[in-house]
Amino acid sequence: MKQSFGLYFFPGKGVRVMACKYLDFQDRKKIAKMYQEEARVLDIAYKIGCHPATIYEELRRGDTGKLDKNQRPEYDPRLAQRTFQEAIRRRGNRRTTTTAESGQ
1 MKQSFGLYFF PGKGVRVMAC KYLDFQDRKK IAKMYQEEAR VLDIAYKIGC
51 HPATIYEELR RGDTGKLDKN QRPEYDPRLA QRTFQEAIRR RGNRRTTTTA
101 ESGQ
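Numbering of the sequence shown is given in our numbering, commencing with residue 1 and proceeding in unit increments.
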């Protein structure tokens, strides 16, 4: 797991040092539950232990294209997990060698 550290300021809660990490499916389910209960992104980020930008990115990743009962974009943790896994699979240098490069 990739870990880095940063300082983030949460109004009313002070400065907090957090480790950046990849969100797992359990984190995504917590985000879905809190988002459905109309929690603010800042509060969700504080509870999960990541930067608010991470939550916004996660909400975009799991956007179904519909609106939920709160008239906000609907978030599906299964869709977000699948999108994340597909992005991980596409990573890296997948350049294929041509016959000219391989010397044949």
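Glycine is no exception: its CB is placed at the ideal position from the N, C-alpha and C atoms.
Drop a sphere of 10 angstroms on the beta-carbon of F5, count the other beta-carbons inside from all chains shown, and report buried for 16 or more, exposed for fewer.
A caution first: F5 carries a pLDDT of 47, below 50, which makes its placement in the model too unreliable to give a value.
Return the first residue and the last residue of the alpha helix (DSSP H) that D24 is part of.
Premise fails: D24 is in no alpha helix (DSSP H) and is neither H nor E.
Report yes or no: do three or more beta-carbon pairs, one from the stretch 40-55 and one from the stretch 79-94, lie closer than 8 angstroms?
no
According to the neighbour-count rule (16 or more other Cβ atoms, all chains shown, within 10 Å of its Cβ), is D27 buried or exposed?
buried
Might you give, ordered along the chain, the residues of its own chain that have their beta carbon closer than 8 angstroms to the beta carbon of K66, omitting 5 neighbours on each side?
P73 and E74
Assigned exposure category for G92 - 16 Cβ within 10 Å defines buried
exposed
What separation, rounded to the nearest whole angstrom, lies between the Cα atoms of D76 and D24?
14 angstroms
Can you say whether Q3 is buried or exposed, counting buried as having 16 or more other CB atoms within 10 angstroms of its CB?
In this prediction, Q3 scores a pLDDT of 43, lower than 50, which makes its location untrustworthy; the coordinate-derived value is nonetheless stated afterwards. Classification for Q3: exposed.
Take L79 and list the residues in its own chain whose beta-carbon comes closer than 7 angstroms to its own, dropping the five residues that flank it on each side.
G62 and T64
Paired residues, beta bridge with Y75 - DSSP:
D63
In whole angstroms, give me the CA-to-CA distance for E38 and Q81.
21 angstroms
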